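Asker: Here the working numbering is used: the first residue of the sequence shown is 568, the next is one more, and so on. The structure is given below, and queries will be raised subsequently.
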Amino acid sequence: YPDFEVIVVNMGSTDETDVLLKGLNQKYPHLYHTYVPAEAEDVNGKKLALTLGIKAAK
568 YPDFEVIVVN
578 MGSTDETDVL
588 LKGLNQKYPH
598 LYHTYVPAEA
608 EDVNGKKLAL
618 TLGIKAAK
């Protein structure tokens with residue numbers, strides 16, 4: 568399956584998830600990551616994270 572994506576939506580993690588994902592993205596070009604803006608985390612976070620992930624899909 569050459570045409571696939573892995574999409575990770577980071578929602579306010581306080582560890583080094585973003586740094587880890589950036590490093591993995593260099594090794595795995597099918598990996599895409601985005602994040603939920605801090606000001607939007609209180610707005611039904613899971614629903615927003617899913618929506619952002621779907622919109623990020625190509």
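We treat Cβ as the ideally placed atom computed from N, Cα and C, and that holds for glycine. Owing to the predicted nature of the structure, the values given are computational and were not obtained by experimental measurement.
What would DSSP say about N577, mapped onto helix, strand or coil?
Answerer: As a working note, residue 577 is residue 10 in the sequence shown. Reduced to three states, the DSSP call for N577 is strand.
Asker: Nearest-angstrom Cα distance between A616 and K594?
Answerer: Position 49 of the sequence shown holds residue 616. Position 27 of the sequence shown holds residue 594. Approximately 24 Å, taken between the alpha carbons.
Asker: Would you kindly work out how many angstroms separate the C-alpha atoms of D582 and K589, rounded to a whole number?
Answerer: On the sequence shown, residue 582 is found 15 positions in, with the first residue counted as 1. On the sequence shown, residue 589 is found 22 positions in, with the first residue counted as 1. Taking the straight line joining both Cα atoms gives about 14 Å.
Asker: Relative to the C-alpha of E606, which candidate in Y599, G579, V573 and F571 has its C-alpha closest?
Answerer: Mapped onto the sequence shown, residue 606 falls at position 39. With distances taken between Cα atoms, E606 lies closest to G579.
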